[in-house]
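The structure appears right after this line, and notes come after that.
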């Protein structure tokens, strides 16, 4: 067991409390876990008391109210509630997929340096893991999923392909046209998962979601989350969208009461406040432009970012700069467990968090 | 898939909203899901705002604070945090057990008419299910788990035994001395799960927990929940207690962030208010005595209850009485999916809910 990829391989970002206590710093900022630094909609905070009165009751097993709201939001895609499955985070949807479609006779394909949970859940399902080479540009930077490499690795045993779009931890994106062409050319019995955890952040660039492809390609499962732009990472709620047949298969793997009542209720409140989503999108774009211009000024290599985070290449100085930053109260995410030990992942913070990072980072590089 | 036992076999109690709307009744009471009718500790309600400020952050992957509190509560049992695993409800711990220890080569044993989730998760793990005959008294009433029948069914393929104590849905209990003797006589590689969801309710009769057996029998896994006496069913939180080796094995099957932040924080608050637990115990005992005396007066057969619910035998009138009760705004739980179609399960309610039930039920039987 100890040699296998499991929960023990997953290293969450260092906690604020730990850094406060270790380095005796009062004001610690965490730009490590790609949470929305502006938090959830204020409506969530105003409505939390309505949840509490029913907290001793079991939650609705079918998450009906939330599904109805999602159907409305997704209405232009001919999605109805039978195309939806709610998960304890989108991670749970990914897990249902592995458990429903993978076993020790199957192969699963995903790009090297994509979300670690694919490897964890595939290992738990005893499938053979095929990691494909990422696309690289002329500077030999990792640019995320290469669909051609995936295509080459498809065999008669391939059951599931995981594609994060935008990809975590590299922040890269694949154009929807390329995904459509890819889908046309692969066998229809292979489940293709398009993990859109960061979709809302990429939408400002008119990047299209794969949800539109589900009608034509019933083998596609799209996953989404309330942990990112909706600011509800703490409540654990996400969802999957696919053909009714896939949803029924996945549903048979869930527990009767997998989604807590606070998540069901407050995700619905958050969904209803699209102004907050737009505000966070705008602030993320501003922050991203500021961080990119700083990296350009400092001559720092980074990967093209399409989410709410940016992955920077610090070469041999990575570990020492990570440690120096943390000793100054700024937590980024090291990516050793993604085999990217020369990179750090940085969540775009609030304006003041970004300012502080730029100030400290520039000084550490002796450029200020 | 459709012939298999799965989530689709689980029928939650009818919802209050549905009954209100169907029968045009304003005041509907639900005595169907064994929730604590007195709700959670008031401290939970007072503290909910403290959760909300961190709701956009991922929860602590290790549930450290809650584990520390549980260690304190369980201290006389030499339990430390490495003996604990927190689940998204104790159902999730049960699921980890099935996934860790069962496969298509294994056999799993549990008593007929025990908690349906054992069957659901064992089926999902492709194990062969052996259901043993329950103990019956001279009136041929179902009296729950018969350890001797389980013993007889153990084979070289037996990997897991599930025992709910008290048992849901029958409410019956097994004496801890009998469990100890049983454990002495079975092979040590067989995992024996003692599901103590209703333990706190049975404790008023000085019924001892199996937690004390874990040191001597490292193959025992005890599960507990915050969904019952702690009044947090809506938040989804439970835990497992076992040897460090078992806990590590089970942990490898969990997601990095399976426990939401509200559950972690508020379970801890609930645990701290043992006065509320004592109050609910007392009220449950009063209500139980009242319902039992009513059944005695009405000549209704029932099974000996050791939880916060009572299972009554209405013979051929079961379905019609269930329907009549629901049409009067009182929801009990039919037990057809437990192969107990002559029985209804009734949660002990608040004093006024119990009064209303007794009034309506007596009239339906023309005894008032």
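Chains as they are written, first to last, in my numbering: chain W, 3 to 370; chain L, 3 to 370. Beta carbons: idealized from backbone N, C-alpha and C, even for Gly. In this text the structure is predicted, and so the values were computed from the model without any measurement.
For residue 86 (chain W), write down the residues that DSSP places opposite it in a beta bridge.
-> Along the first chain, read from residue 1 onward, the residue named residue 86 (chain W) stands at position 84. The partner list for residue 86 (chain W) (beta bridge, DSSP) reads W:243.
Output yes if chain L places a C-beta closer than 8 angstroms to the C-beta of residue 240 (chain W); else output no.
-> Start at 1 with the first residue of the first chain, and residue 240 (chain W) comes out as number 238. Cβ-Cβ to chain L under 8 angstroms: no for residue 240 (chain W).
For the region 192 to 217 of chain L, which residues have a beta carbon sitting closer than 7 angstroms to at least one beta carbon of chain W?
-> none
At 7 angstroms on the CB atoms, spell out the chain L contacts of residue 97 (chain W), in chain order.
-> If you number the first chain from 1, residue 97 (chain W) lands on position 95. What residue 97 (chain W) touches in chain L: 257.
Check distances from the C-beta atoms of the region 244 to 278 of chain L to those of chain W and list, in chain order, the residues that come in under 7 angstroms.
-> 251, 253, 254, 255, 256, 257, 258, 259, 260, 262, 263, 264, 265
Tell me, please, whether the region 90 to 97 of chain L touches the region 221 to 241 of chain L by the rule of three or more beta-carbon pairs shorter than 8 angstroms.
-> yes
Per-residue DSSP class, three states only, for residue 276 (chain W) = Within the first chain, residue 276 (chain W) is the residue found at index 274, counting from 1. Residue 276 (chain W): helix per DSSP, three-state reduction.
Just to confirm, does residue 107 (chain W) get its C-beta within under 7 angstroms of one of the non-hydrogen atoms of the ligand FMN?
-> Although the ligand FMN was asked about, the structure shown includes no ligands whatsoever.
Check distances from the C-beta atoms of the region 47 to 61 of chain W to those of chain L and list, in chain order, the residues that come in under 9 angstroms.
-> Cβ contacts with chain L: 47, 50, 51, 53, 54, 55, 56, 57, 58, 59, 60, 61.
Taking residue 311 (chain L) as part of the beta strand (DSSP E), name the residues at either end of that continuous run.
-> Locating residue 311 (chain L) in the second chain gives position 309, counting from the first residue. First-last of the beta strand (DSSP E) with residue 311 (chain L): 311 to 315.
Can you name the residues that DSSP bridges to residue 285 (chain L)?
-> Position 283 of the second chain, counting from 1, holds the residue named residue 285 (chain L). DSSP lists no partner for residue 285 (chain L).
Any Cβ of chain W within less than 8 angstroms of the Cβ of residue 38 (chain L)?
-> Taking the second chain and counting its residues from 1, the one referred to as residue 38 (chain L) is at position 36. Taking Cβ atoms only, chain W reaches closer than 8 angstroms to residue 38 (chain L), which makes this a yes.
So, is residue 172 (chain L) buried or exposed, given that buried needs 16 or more other C-beta atoms within 10 angstroms?
-> Here residue 172 (chain L) refers to the residue found at position 170 of the second chain. So residue 172 (chain L) ends up on the buried side.
Buried or exposed: residue 278 (chain L), going by 16 or more other Cβ atoms within 10 Å of its Cβ?
-> Residue 278 (chain L) sits at position 276 when you count from the first residue of the second chain. So residue 278 (chain L) counts as buried.
Are the Cβ atoms of residue 116 (chain W) and residue 164 (chain W) separated by less than 8 angstroms?
-> Position 114 of the first chain, counting from 1, holds the residue named residue 116 (chain W). Position 162 of the first chain, counting from 1, holds the residue named residue 164 (chain W). In this structure, residue 164 (chain W) lies closer than 8 angstroms to residue 116 (chain W) by Cβ.
Residue 14 (chain W) touches chain L at which residues, Cβ-Cβ below 7 angstroms?
-> Against the first chain, residue 14 (chain W) aligns to sequence position 12. Ordered by position in chain L, the residues that pass the 7 angstroms Cβ test against residue 14 (chain W) are 60, 63, 258.
Chain-ordered chain W contacts of residue 29 (chain L) [CB-CB under 9 angstroms] = Here residue 29 (chain L) refers to the residue found at position 27 when the second chain is read from its first residue. The contacting residues do not exist; residue 29 (chain L) stays about 16 angstroms from chain W at best.
As assigned by DSSP and simplified to three states, the class of residue 59 (chain L) | As a first step, residue 59 (chain L) is located in the second chain; it is residue number 57 there, counting from the start. Three-state DSSP puts residue 59 (chain L) in coil, outside helix and strand.
What first and last residue would you give for the beta strand (DSSP E) that runs through residue 1 (chain L)?
-> Outside the shown range of chain L, which is 3 to 370, sits residue 1 (chain L), and nothing can be said about it.
Span separating the alpha-carbon of residue 282 (chain L) from that of residue 309 (chain L) | On the second chain, residue 282 (chain L) is found 280 positions in, with the first residue counted as 1. On the second chain, residue 309 (chain L) is found 307 positions in, with the first residue counted as 1. Cα to Cα, the separation comes out at about 12 angstroms.
DSSP-derived helix/strand/coil call for residue 100 (chain W) | Here residue 100 (chain W) refers to the residue found at position 98 of the first chain. Reduced to three states, the DSSP call for residue 100 (chain W) is helix.
Which chain W residues sit within Cβ distance under 9 angstroms of residue 235 (chain L)?
-> The residue you call residue 235 (chain L) lines up with position 233 of the second chain. Here the neighbours are 57, 58, 59, 60, 61, 259, 263.
List the residues that DSSP assigns as beta-bridge partners of residue 348 (chain L).
-> Residue numbering aside, residue 348 (chain L) sits at position 346 when the second chain is read from its first letter. L:312.
Between residue 300 (chain L) and residue 46 (chain L), which are expected to be in contact by the criterion C-beta below 8 angstroms, what is the C-beta distance as a whole number of angstroms?
-> Residue 300 (chain L) sits at position 298 when you count from the first residue of the second chain. Residue 46 (chain L) sits at position 44 when you count from the first residue of the second chain. Incorrect: roughly 37 angstroms between the Cβ atoms, too far for contact.
Compare the Cα-Cα distances from residue 367 (chain W) to each of W:137, W:128, W:324 and report the closest residue.
-> Sequence index remark: in the first chain, residue 367 (chain W) carries index 365 (1-based). Among W:137, W:128, W:324, the Cα nearest to that of residue 367 (chain W) is on W:324.
Consider the Cβ of residue 305 (chain L): report whether some Cβ of chain W lies at a distance smaller than 8 angstroms.
-> Reading the second chain from its first residue, position 303 is the one you call residue 305 (chain L). Not an interface residue.
Mind checking which residues open and close the alpha helix (DSSP H) that includes residue 112 (chain L)?
-> Taking the second chain and counting its residues from 1, the one referred to as residue 112 (chain L) is at position 110. Careful: residue 112 (chain L) lies outside any alpha helix (DSSP H), inside the beta strand (DSSP E) at 109 to 113.
Determine, using beta carbons only, whether residue 246 (chain W) and residue 85 (chain W) come nearer to each other than 8 angstroms.
-> By 1-based counting over the first chain, the position of residue 246 (chain W) is 244. By 1-based counting over the first chain, the position of residue 85 (chain W) is 83. Taking 8 angstroms as the Cβ cut-off, residue 246 (chain W) and residue 85 (chain W) qualify as a contacting pair.
Since residue 336 (chain L) sits in a beta bridge, which residues does DSSP pair it with?
-> The residue labelled residue 336 (chain L) in the question sits at position 334 within the second chain. Partner(s): L:346.
From L:311, L:21, L:318, L:321, residue whose alpha carbon lies closest to that of residue 347 (chain L) | To locate residue 347 (chain L), count along the second chain from 1; it is residue 345. Cα-wise, what sits closest to residue 347 (chain L) is L:311.
Hey, is residue 41 (chain L)'s beta-carbon within less than 8 angstroms of any beta-carbon in chain W?
-> For the purposes of this step, residue 41 (chain L) is taken as residue 39 along the second chain, with counting starting at 1. So, interface residue.
Across which residues does DSSP place residue 144 (chain L) in a beta bridge pair?
-> The count along the second chain starts at 1 and reaches residue 144 (chain L) at position 142. L:138.
Return helix, strand or coil for residue 264 (chain W), following the three-state DSSP convention.
-> As a position in the first chain, residue 264 (chain W) is number 262, starting the count at 1. In the structure shown, residue 264 (chain W) sits in a helix (DSSP, three-state: H, G or I).
Give the secondary structure of residue 367 (chain W) by DSSP, where H, G and I count as helix, E and B as strand, and everything else as coil.
-> Residue 367 (chain W) sits at position 365 when you count from the first residue of the first chain. In the structure shown, residue 367 (chain W) sits in coil (DSSP, three-state: anything other than H, G, I, E or B).
Taking any Cβ of chain W, which residues in the region 113 to 139 of chain L have a Cβ under 7 angstroms from it, in chain order?
-> Shown in chain order are the members of the region 113 to 139 of chain L whose Cβ falls below 7 angstroms from a Cβ of chain W: 126.
If we count Cβ pairs, one from each stretch, closer than 8 angstroms, do we get three or more for the region 336 to 344 of chain L versus the region 37 to 45 of chain L?
-> By the Cβ criterion, the region 336 to 344 of chain L is not in contact with the region 37 to 45 of chain L, since fewer than three pairs of Cβ atoms, one from each stretch, lie closer than 8 angstroms.
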